[in-house]
Amino acid sequence: MTERAILPWSDIELPEGLSARLYDGTGPLPDGGLDDAEVYVLPYDAGSEPSKLIARLPSLKLVQALSAGVEKLVPLVPAGVKLANGRGLHDLSVAEHALALIHASQRDLPRWFAQQVKASWEREHTRSLADSRVLLVGHGSIGQAIERQLVAAEAVVTRVASTARPADRVHGVDELAELLPSADIVVLILPETPATMGLFGAAELAALPDDALVVNVGRGSAIDTAALTAEAVSGRLRAALDVLDPEPLPAGHPLWTAPGVIITPHVAGGSASFYPRAKRLVTEQLRRYAAGEEPLHVVG
Numbered sequence: 053m054t055e056r057a058i059l060p061w062s063d064i065e066l067p068e069g070l071s072a073r074l075y076d077g078t079g080p081l082p083d084g085g086l087d088d089a090e091v092y093v094l095p096y097d098a099g100s101e102p103s104k105l106i107a108r109l110p111s112l113k114l115v116q117a118l119s120a121g122v123e124k125l126v127p128l129v130p131a132g133v134k135l136a137n138g139r140g141l142h143d144l145s146v147a148e149h150a151l152a153l154i155h156a157s158q159r160d161l162p163r164w165f166a167q168q169v170k171a172s173w174e175r176e177h178t179r180s181l182a183d184s185r186v187l188l189v190g191h192g193s194i195g196q197a198i199e200r201q202l203v204a205a206e207a208v209v210t211r212v213a214s215t216a217r218p219a220d221r222v223h224g225v226d227e228l229a230e231l232l233p234s235a236d237i238v239v240l241i242l243p244e245t246p247a248t249m250g251l252f253g254a255a256e257l258a259a260l261p262d263d264a265l266v267v268n269v270g271r272g273s274a275i276d277t278a279a280l281t282a283e284a285v286s287g288r289l290r291a292a293l294d295v296l297d298p299e300p301l302p303a304g305h306p307l308w309t310a311p312g313v314i315i316t317p318h319v320a321g322g323s324a325s326f327y328p329r330a331k332r333l334v335t336e337q338l339r340r341y342a343a344g345e346e347p348l349h350v351v352g
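In the working numbering, the protein residues as written are 53 to 352.
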């Protein structure tokens, strides 16, 4: 049987007539026996090395990414090869993480964790998410999942996308100057595109009110790191960041120790709920491919 797929897991149910070779992204790239591979499912969160295999697959027809953002893959996929993303796989994982970051910051959890180490019982009332005015910048499937949890927490949500959709009560990014001064919390869930890079610079951050919280679970490049660092080090703004620019954030960078800043190492999308969902998507994509049907979530 011809090996026509390269998969990151061995426990995927294959449709009749399709066989697979395992490559989980660890160790060197596989060598030999690749000429007939038509489907390549990229290992998730395995760095840039697995993407180098794309150029070595002459029979390639479909590249399946397991991330929602595929901007770095688009230039690597040859003309005529379909590229599908992992739309929907990370929605709940990222939404959970975004809400965890917000709650941790609003309820000052790092402070209480530090006190626990010292067995200290110093008490103080904190901020809340309920009734906070949240500006949600990015309203794709992940942004919508975050919104559902924000609404359940009784936050007041204002939606922002690349272009306004008045019928859906979605503002455009060109309205940010008017919206930022009234936001208690800004949540960014943006892809990396020329339009989003540096979208939140010094002027946008300065427009936020004192003590506002900046949350980023999209791409680190959406925020000017130097401008955010200046605001955080001064104590005027707080931040909860799962993505940064650069990544990893260098040791000794002032954001690590700035007051009111929480940093997690780009882990929002990789919770336990992701893997069963990813395997179900891959199984369906392989079924569709073997049946000659159009794959889901094709972006190129």
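Virtual Cβ for every residue (Gly too), placed ideally from N, Cα, C.
Please state whether the Cβ-Cβ distance between residue i and residue j is less than 8 Å.
i, j, result
"Val208", "Val239", "no"
"Ala324", "Leu141", "no"
"Asn137", "Val122", "yes"
"Gly270", "Ile241", "yes"
"Ser111", "Glu90", "yes"
"Gly84", "Arg73", "no"
"Ala216", "Gly253", "no"
"His149", "Asp262", "no"
"Leu135", "Val319", "no"
To the nearest angstrom, how far is the alpha carbon of residue i from that of residue j?
i, j, result
"Ser273", "Thr335", "33 Å"
"Ala107", "Pro82", "13 Å"
"Ala357", "Leu161", "Because residue 357 is not part of the residues shown, which for the chain are 53 to 352, the question remains open."
"Ser103", "Asp97", "11 Å"
"Leu109", "Tyr75", "14 Å"
"Asp297", "Ile58", "32 Å"
"Gln116", "Ser71", "16 Å"
"Ala292", "Ala343", "45 Å"
"Pro42", "Glu65", "The chain is shown only over 53 to 352; residue 42 falls outside these bounds and no answer can be derived."
"Ala197", "Glu283", "29 Å"
"Leu128", "Glu299", "21 Å"
Please return the same chain residues whose Cβ sits closer than 7 Å to the Cβ of residue i, not counting the five positions on each side in sequence.
i, result
"Leu181", "Ile154, His155, Gln158, Ala205, Ala207"
"Pro306", "Thr281, Val285"
Within the same chain, show all residues whose beta-carbon is closer than 6 Å to that of residue i, passing over the 5 residues directly before and after it, in chain order.
i, result
"Gly250", "Asp276"
"Gln337", "Gln116, Pro347"
If I measure Cβ to Cβ from residue i and keep anything under 8 Å in the same chain, skipping five residues before and after, which residues do I get?
i, result
"Val212", "Leu187, Leu188, Val189, Gly190, His191, Val222, His223, Gly224, Val225, Glu227, Leu228, Leu231"
"Trp308", "Leu301, Ile315"
Shorter than 8 Å from the beta carbon of residue i to some beta carbon of chain D?
i, result
"Glu244", "The structure shown has no chain D; it contains just one protein chain."
Can you tell me which of the options puts its alpha carbon nearest to the alpha carbon of residue i?
i, options, result
"Pro290", "Ala278, Ala264, Glu68", "In the sequence as presented, Pro is not what sits at residue 290; that position holds Arg. With distances taken between Cα atoms, Arg290 lies closest to Ala264."
"Ser100", "Lys124, Asp87, Asp88", "Lys124"
"His177", "Arg185, Gln168, Trp164, Val169", "Trp164"
- Task: Kindly provide the ranges of any beta strand (DSSP E) runs that are 3 or more residues long and lie completely inside the stretch 108-196, ordered along the chain.
- Result: 114-116, 134-136, 185-189
- Message: What ranges does the alpha helix (DSSP H) occupy inside the stretch 236-282, keeping only unbroken runs of at least 4 residues that lie completely in it?
- Response: Counting only runs of 4+ residues, the alpha helix (DSSP H) found wholly inside the stretch 236-282 occupies 254-259, in chain order.
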